[in-house]
Structures are given as C-alpha cells and as structure tokens.
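Protein chains in written order, with our numbering: chain A, 10 to 175; chain B, 10 to 175. By construction, the Cβ of each residue, glycine as well, lies at the ideal position given by its N, Cα and C atoms. Model, not experiment: these values are computed from the prediction.
Protein chains: 2
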Amino acid sequence: MQSTASHSDNLLFLTDEQLRKGIEAMFFAYRGFTADPDRILEGLDYGRAHHRALHFIRRSPGTTVNNLLAILGVTKQSLNRVLRSLIEDGLVESRIGRNDKRERHLHLTKKGDDLERSLSDAQRARMRSAFRAAGPGAVQGFRLVLEAMMDEDARRQFQSLKETTP
Amino acid sequence: MQSTASHSDNLLFLTDEQLRKGIEAMFFAYRGFTADPDRILEGLDYGRAHHRALHFIRRSPGTTVNNLLAILGVTKQSLNRVLRSLIEDGLVESRIGRNDKRERHLHLTKKGDDLERSLSDAQRARMRSAFRAAGPGAVQGFRLVLEAMMDEDARRQFQSLKETTP
DNA sequence: TTGGAAAGTCAACAAGGCTGACATAAAATC
DNA sequence: GATTTTATGTCAGCCTTGTTGACTTTCCAA
Chain A
10 MQSTASHSDN LLFLTDEQLR KGIEAMFFAY RGFTADPDRI LEGLDYGRAH HRALHFIRRS
70 PGTTVNNLLA ILGVTKQSLN RVLRSLIEDG LVESRIGRND KRERHLHLTK KGDDLERSLS
130 DAQRARMRSA FRAAGPGAVQ GFRLVLEAMM DEDARRQFQS LKETTP
Chain B
10 MQSTASHSDN LLFLTDEQLR KGIEAMFFAY RGFTADPDRI LEGLDYGRAH HRALHFIRRS
70 PGTTVNNLLA ILGVTKQSLN RVLRSLIEDG LVESRIGRND KRERHLHLTK KGDDLERSLS
130 DAQRARMRSA FRAAGPGAVQ GFRLVLEAMM DEDARRQFQS LKETTP
C-alpha cells in the first residue's frame, strides 16, 4: 500500500476536483488582478485596452505597431482605435522608422509614462502583497504553472520579453 | 553579510522586475486559459459569459439568480440576457423557489450539461497539462498566489465553493 | 396591509472585440 | 523599371458583454 499511497499523492492534484479549483482560482484571481487599474481608468476616458498598450510600449520602447499587434493578439483596427486616442491625447508618440519608413515606432511621452506608472504601481502593489503572502516558493510555482498554461506563441513572446532587460 | 544575503534572497522575488513578470504571466496565461472554450463557443451562438453561467450553475445546481450575480460580479441585466438565451434554448431550467417563490433556482438540462462538460473538458485538459508540466509543488504555489490576489469578497466566494463537495 | 426585497423587462449606451474594403507609402522582388 | 508585398491607417458596420436608469410584478414579512 506504500507505493499506492505515494502514487495517489503524486496524482492527487490532477483530479477533476483539483482542476476545477484551479479554473475557478484563475477566474476570481484575474478579476482581482485587473480591479485596481480598472478603478483608476474609470474616471479617465480609457479602458483596459489602453492600459495594455501603454504597458507594452513602456516595456519595449520603440516597438512597432506590428510587434504590438502580435503581443496583444488583437486586430489592427482594434489596436488602431486605442493608439489613435493615446496619440491624440499626447500619451504616445509615433515616430516614422529610420531604416524602414513604413514602420511606426511607439514611445511613451512623459504624460503617458506617468499614467502607465500609476496603473502598474497599483497592479504591482497587489502582486507584491500576493507574492509576500504566498512566499518565494509559491511564486516560483505560480510562474511555472502560468507559463505552462500559455499557448506556444504567447510563451515565446513572454520568454523573449523576459530576456530583455530595459 | 550572511544575514544581508539571506535578507535579499527573501526579497528577490519582490523586485519590480519580478512583479512585472508576474503581471505579464497573468496576461498571457489568461489568454491561454480561455482559448479552448472560446474556440468551441465560436461556432455556437454563445460567448464566454454563457460559459461562466453554465459553469457555476453546474457547480452549484439550484443556485438562485442573486447568488449567481454575486459570484459572477455582473449586473442582473447582463446576466439576465445570458440566462434568457440559455433558458430559451433549453440549456438551463429556471424553477420557482418552493419556500420563497420570488427566487428562481437554476439547473442545467441534459443539453446544458453536455455543453458545459465539453467546454470544461477542454479547459481542464489544458489545466491538467499545465499542472503536470509544473509539478505538484508548483500547483500548490499557483493556488496560494492566486488566492492571495483575489479581492476579499471573491476569496470568500472561492473558499465557500471549495468546501462544497458536489 | 403595506413596505421592501427579489426578479424580470425595456431602452439606451459604451468598450472593445471582429470582418471587409480600401488607401498610401515604401520596401522587396522580378 | 514595373510589380508585388508589407506596414500602417482608416471607414463602415457588426457582435458580445458590460453599464445605468426606470418600471413592473410577485410575494415575504413586519
């Protein structure tokens, strides 16, 4: 029975019940994850889509529109609507490429950087307190599971973002 | 320096860089998390909102509309639109409460159960493969962090769902 | 018996996805 | 040099899913 016990121990986390808990945890946690930035954006004329664009532009200054499209996984029409308003309002600057003049390289202005910072500060604060509450080992596990849950493409994008040190 | 090293070891996972990675991991992983059910729903006339309603009705058969509202965190008008189509199409049955006849108790029909099963099968398959890839320890950490990331209310709901054994 | 809670409905609106069609400029290729 | 491909932007229109506000019906409970 010893080997049976150890066998079931190893597979315990793969029962449908455990998987369902994982699914529901993702659902509730994602709500918390977006709650703080959403609250900040409520007053302004922006939404979650604007936050995502600002985040990845700040993350990779000078990124092209096509690049951003691939990362965000939306259509250019969707992204364009968001970018247009950010550019009009002076939060994002679009510079014509030097080598390839078809490309637009995106940068945050001071104003855009300020907003993104306030949004990500709020999000980081929650992440920090969750990490602190769960402990270092848990954080490692958290990232392993999330990475394994991604689509191949997303994982590649995530990993190449990881490697860059801004 | 021994105590300094151990001190920085303990805080290493709280650097802004680590937190940013956590944020991006949530973003990419959530996309993967919803991708499979979304693909199935694409053909049908339903969306993610329908999936969520079906999930929690199957999870807690006989739940009231108010209960579901609290869990899903949307307005009754939003939920009503979704429930109406599910009831019309014969996936959900709405039974008037016996004790309190104002209440509607929600149940899945065979048809609703079949659809929910096919959606959650797909979602569980991804979760299973992520859990398997990451290992039991990681799964524990994953859930600890997610739980700590939830709002108070959501955490209470999550925990009371956990305790129920259907 | 009356106040208020639970549930449902209608209307209107917004964010943010999507498709399709088309325009322009520039690079790449033949 | 002509043609094709690529990167971007834009217009129009559609869908889902969220919102608010106003109103009705039902019916429990004080």
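- Of the candidates B/L63, B/N76, B/E33, the residue whose Cα lies closest to the Cα of B/D98 is B/L63.
- Here A/V154 carries a helix assignment [DSSP, helix/strand/coil].
- When C-beta distances to chain A are compared with 9 Å, every residue of the stretch 103-123 of chain B stays at or above that value.
- If you draw a straight line from the Cα of A/M35 to the Cα of B/E102, it is about 27 Å long.
- If you draw a straight line from the Cα of B/K120 to the Cα of B/L95, it comes to about 10 Å.
- Residue pairing by DSSP places B/T73 opposite B/H114 in a beta bridge.
- At a Cβ-Cβ threshold of 8 Å, A/R135 and B/M136 do not count as neighbours.
- Near chain A, meaning a CB-to-CB distance below 9 Å, the residues of the stretch 141-161 of chain B are R141, A142, A143, G144, P145, G146, A147, V148, Q149, G150, F151, R152, L153, V154, L155, E156, A157, M158, M159, D160.
- With a cutoff of 8 Å on beta-carbon distance, A/H116 and A/G106 are scored as not near each other.
- Sixteen is the threshold: since fewer than 16 other Cβ atoms of the shown chains lie within 10 Å of the Cβ of A/T24, the residue is exposed.
- DSSP places A/V83 outside both helix and strand once states are collapsed to three, so it counts as coil.
- Within chain A, R133 have C-beta atoms less than 7 Å from the C-beta of B/D25, given in sequence order.
- For A/R104, the enclosing beta strand (DSSP E) covers residues 101-105.
- With respect to chain B, the C-beta atom of A/R48 has no partner C-beta closer than 8 Å.
- Contact note: B/R40 reaches chain A through G82, M159, D160, A163, using a C-beta cutoff of 8 Å and chain order.
- Under the Cβ criterion (8 Å, minimum of three pairs), the stretch 32-47 of chain B does not count as touching the stretch 80-94 of chain B.
- The alpha-carbon of B/K30 is positioned some 28 Å away from that of A/E112.
- B/F167 and A/F37 have their C-alpha atoms spaced approximately 7 Å apart.
- Contact annotation for A/E33 against chain B: F167, L170 [CB-CB distance below 7 Å, chain order].
- If you check the CB distance, A/V154 and B/A139 come in under 8 Å.
- The residue among B/L170, B/D54, B/R141 with its C-alpha nearest the C-alpha of A/E156 is B/R141.
- Around the beta carbon of A/S169, fewer than 16 other beta carbons lie within 10 angstroms, which makes this residue exposed.
- By the Cβ neighbour-count rule, A/E51 is exposed, with fewer than 16 other Cβ atoms within 10 Å of its own.
- A residue is called buried once 16 or more other Cβ atoms fall within 10 Å of its Cβ, and B/R93, having fewer, is exposed.
- By the CB criterion at 8 Å, B/L81 and B/F65 fall inside the cutoff.
- Inter-residue distance for B/R61 and A/D109 is about 45 Å (C-alpha atoms, whole angstroms).
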